[in-house]
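J.: Quick one: this structure, given as structure tokens, is what I'll be asking you about.
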Amino acid sequence: MATGPKGLSSYDSSKIPDAGRMKFGIVVSDWNHEITYSMRDGAYNTLLRHGAQKNNIFVTHVPGSFELTLGAKLLADNGDYSAIICIGCIIQGETRHFDFICQSVTQGITQLNLTYGIPFVFGVLTTSSQEQAKERAGGKYGNKGDEAAITAIRMAALRTQLEE
94 MATGPKGLSS
104 YDSSKIPDAG
114 RMKFGIVVSD
124 WNHEITYSMR
134 DGAYNTLLRH
144 GAQKNNIFVT
154 HVPGSFELTL
164 GAKLLADNGD
174 YSAIICIGCI
184 IQGETRHFDF
194 ICQSVTQGIT
204 QLNLTYGIPF
214 VFGVLTTSSQ
224 EQAKERAGGK
234 YGNKGDEAAI
244 TAIRMAALRT
254 QLEE
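Structure, rendered in structure tokens:
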């Protein structure tokens, strides 16, 4: 468990590559939308702050976090993206459903990274409560959507650098 505000929500912007020539996909789960939409907005605005063009950011929605992997795959199959950000929120309930969804989404996004060779960023909260999720979607722990966008920019830049 985090002990205080940490993460990439606070960062040195001079160390982030320019995203002006990059194209991004953002796949957002509609389940827990009060959390995921805040993360989506954080990711979108962070991409813009670092030079991404509005017409090079494509946002699409899927019903839940389980569907993020197929949504991201469909984006990759139908566009030339520098990186794809997957945004979801899975909150622990009383059953093992949480475990199955977390494991499936994690493995699915990992497999997409390895199969496609482009960054698929894991912007999925896995929390014990709604309160914990809110703290990470613009609350005291920052906005994990911001962090996912920074990760997408850095990984896309790394891929470009290594391909040159």
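Using the working numbering, the first residue of the sequence shown is number 94, and each one after it goes up by one.
Glycine residues also receive a C-beta, built at the ideal position from the N, C-alpha and C atoms.
#1: Between which two residues does the alpha helix (DSSP H) carrying ALA241 extend?
#2: What are the residues that DSSP puts in a beta bridge with SER106?
#3: Less than 7 Å between the C-beta atoms of SER175 and LYS108, yes or no?
#4: Going along the chain, which residues of its own chain have a beta-carbon closer than 6 Å to the beta-carbon of ARG252, five neighbours each way excluded?
#5: Please report the Cβ distance between ILE180 and MET132, rounded to the nearest whole angstrom; I am assuming they are in contact, meaning their Cβ atoms lie under 8 Å.
#6: Check this for me: beta carbons of TRP124 and GLY164, under 7 Å apart or not?
#7: Does ASP239 pass the burial test, meaning 16 or more other C-beta atoms within 10 Å, or should it be called exposed?
#8: Would you be able to state if there are at least three C-beta pairs under 8 Å between the region 205-223 and the region 240-248?
#9: Among ASN138, GLY201, VAL121, GLU187, which has the Cα closest to the Cα of SER222?
#10: Pick out whichever of GLU257, ALA250, GLY135 has its Cα sitting closest to the Cα of PRO110.
#11: What do you reckon, are the CB atoms on ILE178 and ILE128 nearer than 7 Å?
#12: For a minimum of 3 consecutive residues, which ranges assigned as the beta strand (DSSP E) are wholly contained in the region 123-203?
#13: Going by other Cβ atoms of all chains shown within 10 Å of its Cβ, with 16 needed for buried, is GLN196 buried or exposed?
#14: Taking the alpha-carbon positions, what's the ALA95 to ASP105 distance?
#15: The alpha helix (DSSP H) spanning ALA226 covers which residue range?
T.: Here's the rundown:
#1: Secondary structure note for ALA241: its alpha helix (DSSP H) is the uninterrupted segment 237-256.
#2: The bridge partners DSSP lists for SER106 come to none.
#3: In this structure, SER175 lies away from LYS108, with their beta-carbon atoms at least 7 Å apart.
#4: Nothing listed; no residue qualifies.
#5: Between MET132 and ILE180 the Cβ distance is about 5 Å, and since that is below 8 Å, they are a contact.
#6: No, these two residues do not count as a Cβ contact at 7 Å.
#7: Counting every other CB atom within 10 Å of its CB across the protein chains shown gives ASP239 a total of 16 or more, marking it as buried.
#8: Yes, since at least three Cβ pairs between the region 240-248 and the region 205-223 fall closer than 8 Å, the two stretches touch.
#9: Distances from the alpha-carbon of SER222 to those of ASN138, GLY201, VAL121, GLU187 put GLU187 closest.
#10: Ranking GLU257, ALA250, GLY135 by Cα distance to PRO110 puts ALA250 first.
#11: Going by C-beta atoms, ILE178 is not nearer than 7 Å to ILE128.
#12: Complete beta strand (DSSP E) runs here, min 3: 150-155, 176-184.
#13: Taking a 10 Å sphere around the C-beta of GLN196, we find fewer than 16 other C-beta atoms and assign the residue as exposed.
#14: Low local confidence applies: a pLDDT of 47 at ALA95 is under 50, so the model's placement there is unreliable, and no value is given.
#15: According to the DSSP assignment, ALA226 belongs to the alpha helix (DSSP H) that extends over 223-228.
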